[in-house]
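All remarks here apply to the structure that follows.
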Amino acid sequence: MPKTAMHPHEALIRRYFDACNAADYDALMSCFTPDAIHYFPPGLTDIPWRSADTISKKWLWCVENLGSQWTIEKVLVSHDSNEAVIEWTHWKRKARTAQRGDEWYVFDAATGLITEIRAYYAAPAVRDTAELPLVRDTHMGELVEFDYAGRGYHLNWNPQ
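Read left to right, the sequence shown gives residues 1 to 160 (UniProt numbering).
What follows is the structure, given as structure tokens:
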């Protein structure tokens, strides 16, 4: 069966995650409208992040200071709106923690760029006591008895 082309919204989300992982400010900026906003659940300081510049600089800080890397687990793109939702894992390698969650994306109709992200965490981040990758029995904010490995989820930060 031939592979279908990736939807432009999914392609942009993947480009955004690549830019986050590479800590590439210019590439991050190219993913957003100038007035983009990134919402988070309670717990972080200085939220929400307002503007493409702020969002980009905050992710650069996370990579530099936390050793952050992200993997995309699933992507769903709406068939009738400029929206998508993804499931991700955020690997904070320096702190030896990981967290799973979802993000809802809204895209600008004229440019196709990201104008809004709403993050939702599956559960609090958990700390590992062994060497990376994280020990599987810590459940890093995972659903109880969900077969992450069997469903093809990333079990460590490096997708290779």
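For every residue, glycine included, the Cβ atom is placed at its ideal position computed from N, Cα and C.
These numbers were taken from a predicted model, which means no experiment stands behind them.
To the nearest angstrom, how far is the alpha carbon of residue i from that of residue j?
i: Gly150; j: Glu73; result: 13 Å
i: Asn65; j: Thr97; result: 13 Å
i: Met29; j: Gly43; result: 25 Å
i: Ala11; j: Asp46; result: 29 Å
i: Trp104; j: Tyr153; result: 19 Å
i: Asp24; j: His9; result: 20 Å
i: Ser68; j: Leu155; result: 15 Å
i: Pro34; j: Lys94; result: 31 Å
i: His90; j: Thr4; result: 28 Å
i: Glu116; j: Asp147; result: 31 Å
i: Ile86; j: His38; result: 14 Å
Considering just the uninterrupted stretch of the alpha helix (DSSP H) at residue i, what are its terminal residues?
i: Arg100; result: Unbroken run through Arg100 is the beta strand (DSSP E), Thr97 to Phe107; no alpha helix (DSSP H).
i: Leu44; result: Leu44 -> no alpha helix (DSSP H), and no H or E assigned at all.
For the putative contact between residue i and residue j, defined by C-beta atoms under 8 Å, what is the C-beta separation to the nearest angstrom?
i: Trp49; j: Lys58; result: 5 Å
i: Gly101; j: Ala84; result: The pair is not a contact, with the Cβ atoms about 15 Å apart (cut-off 8 Å).
i: Val63; j: Ile13; result: Actually they are not in contact, since the Cβ atoms of Val63 and Ile13 sit about 18 Å apart, beyond 8 Å.
i: Ala109; j: Asn82; result: 5 Å
Check whether the Cβ atoms of residue i and residue j sit closer than 9 Å, and answer yes or no.
i: His7; j: Val77; result: yes
i: Phe32; j: Ile55; result: yes
i: Leu113; j: Ala36; result: yes
i: Trp88; j: Phe17; result: yes
Hey, quick one: how far does the beta strand (DSSP E) through residue i stretch, first residue to last?
i: His38; result: Phe32 to Tyr39
i: Ala84; result: Glu83 to Lys92
i: Ser68; result: Ser68 to Val77
State the beta-bridge partners of residue i as determined by DSSP.
i: Ala119; result: Glu103
i: Ile114; result: Phe32 and Phe107
i: Trp59; result: BP columns for Trp59 are empty, so no partner.
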